[in-house]
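Residue numbers (UniProt numbering): 1 to 468.
Ideal Cβ placement from N, Cα and C applies to all residues, glycine included.
Please read these numbers as outputs of a predicted model, since none were measured by experiment.
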């Protein structure tokens, strides 16, 4: 059980009426049979009627309920008190105490009891997000959120009310590898009743997840997450989906060298709206397809203001490098063997007027070979005068179509279809709320950043996030 002192109190001891109410609630919690579902349901229905000020009050003996409750036994009651206190913190020197309290709670809590209060469970994420912001240290939220997600979804395949906040806090903390054990598991279950989630939860988790994969240079997985965001069944175009579409275009050019088609079930108005209102990105696609580096540079410069506002300039710059890779791919269809010196003369400069060097070409080839973007081998031969000449030998691509690969693909398609059906049901029941649409679309239409200020991965990557 957590220790508490006068210094950690966020709302005083409460007035006498609130203290008396706390006495009653505490007695009810401790007398409840926590093994009986009916008793827990009754307790949950009583707890949800309490105001936040009542949940922050102390007993008439001036005792903090957190010191009287065992979070492993009285999980349901403890949840209400601890989240109320965390959200009431307004000083940085209090934040760490409550982070430790929350960390202990999520480690020992009974997840079966949390299921009786899904809406209150979602406040675990809001509490840790609030404490991280107050202390200006987003790192402190990561471990408790990770543990809590594992408690609610042991296999990490169910979307919880904590997933989106976890991904966002990892971005803000610049911890791009930390969330991978959770992100690497595909979401196959989406149950809004069990986990107090909405379409917004699904969209934000996969949008932020895509940003994390971009930060790890795993563009293929990032594109998967962006496609899930864009193609999520909906009856309205979400600003999140539009932002994802921008990233989808740039990451696709970087990874594939072209824009792959979206799933057929994607809401048709998304693509139509994007092409009509975000012409700068379509001009970027046209310039890339022309294969001309100078033209692409010109288009990027023309749209610099838009790209910076969208926090996408870093990705646009990486598209320049992708143009060089596309040139190399075309060379594999023409040549069997080339010297790196010859290849350097065939690549247009992407950094000002500085031409490619043999070292630049070698680094680029090694990267492409490692990622299986080309099949080639590097070698060294002797020139006429005994000098060493670095060569690249292009090989025919080996096509693999094993039964295992086919079965894996079929499973992923089946899982994606199942999730899509769950999202579609949720969309019909709830949809994206008018308030949410108005908030984000108005910001976007006025040239703002729908998710707040940009948060950079590094010099070449920026991510817009909502700090509110």
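Starting from the C-beta of residue i, find all residues in its chain whose C-beta is less than 8 Å away, skip the five residues before and the five after it, and write them out in chain order.
i, result
"residue 237", "267, 269, 270 and 273"
"residue 382", "388 and 389"
"residue 175", "139 and 142"
"residue 253", "259, 284, 285, 288, 319 and 322"
"residue 39", "32 and 33"
"residue 14", "22, 53, 54, 56, 57 and 58"
"residue 366", "378"
"residue 249", "259, 281, 284 and 285"
"residue 472", "With the chain running from 1 to 468 in the structure shown, residue 472 is simply not present."
Report, in whole angstroms, the separation of the C-beta atoms of residue i and residue j, which I expect to be a contact under 8 Å.
i, j, result
"residue 196", "residue 161", "5 Å"
"residue 347", "residue 324", "5 Å"
"residue 117", "residue 66", "Incorrect: roughly 17 Å between the Cβ atoms, too far for contact."
"residue 246", "residue 312", "6 Å"
"residue 134", "residue 182", "About 25 Å; that fails the 8 Å criterion."
"residue 76", "residue 113", "4 Å"
"residue 20", "residue 60", "6 Å"
"residue 201", "residue 164", "5 Å"
"residue 243", "residue 208", "About 11 Å separates the two Cβ atoms, so there is no contact after all."
Does residue i come out as helix, strand or coil in the three-state DSSP assignment?
i, result
"residue 112", "helix"
"residue 165", "helix"
"residue 203", "helix"
"residue 50", "coil"
"residue 18", "helix"
"residue 220", "helix"
"residue 312", "coil"
"residue 24", "helix"
"residue 434", "Reliability of the predicted coordinates at residue 434 is poor, the pLDDT of 44 falling under 50, and no value is obtained from them."
"residue 91", "coil"
"residue 351", "strand"
"residue 189", "strand"
"residue 486", "Given a span of 1 to 468 for the chain in the structure shown, any question on residue 486 remains unanswerable."
"residue 298", "helix"
"residue 158", "strand"
"residue 385", "coil"
Could you name the residues of the same chain whose beta carbon sits closer than 6 Å to that of residue i, not counting the 5 residues immediately before and after it, in chain order?
i, result
"residue 300", "316"
"residue 144", "102, 103, 106 and 128"
"residue 221", "213"
"residue 158", "189"
"residue 84", "52, 55 and 56"
"residue 280", "303 and 306"
"residue 338", "392"
"residue 343", "361"
"residue 74", "29"
How is the beta strand (DSSP E) around residue i delimited, first residue to last?
i, result
"residue 390", "388-394"
"residue 377", "376-382"
"residue 234", "No beta strand (DSSP E) contains residue 234, which DSSP labels as neither H nor E."
"residue 339", "337-339"
Beta-carbon within less than 7 Å of residue i's beta-carbon, same chain only, minus the 5 sequence neighbours each way: which residues are those?
i, result
"residue 441", "Interpretation of residue 441 is limited by its pLDDT of 41, a score under 50 that renders its predicted location unreliable; no figure is taken from the coordinates."
"residue 111", "151 and 152"
"residue 132", "138, 140, 141 and 169"
"residue 369", "376"
Using a C-beta cutoff of 8 Å, does residue i count as contacting chain D?
i, result
"residue 25", "Protein chains in the displayed structure number just one, and chain D is not present."
How far does the alpha helix (DSSP H) with residue i in it reach, from first residue to last?
i, result
"residue 122", "118-135"
"residue 273", "268-277"
"residue 183", "180-183"
"residue 67", "65-68"
"residue 368", "358-370"
I'd like to know if the segment 223-236 and the segment 296-310 are in contact, where contact means that at least 3 CB-CB pairs between them fall below 8 Å.
The answer is no - the segment 296-310 does not touch the segment 223-236, with fewer than three Cβ pairs under 8 Å.
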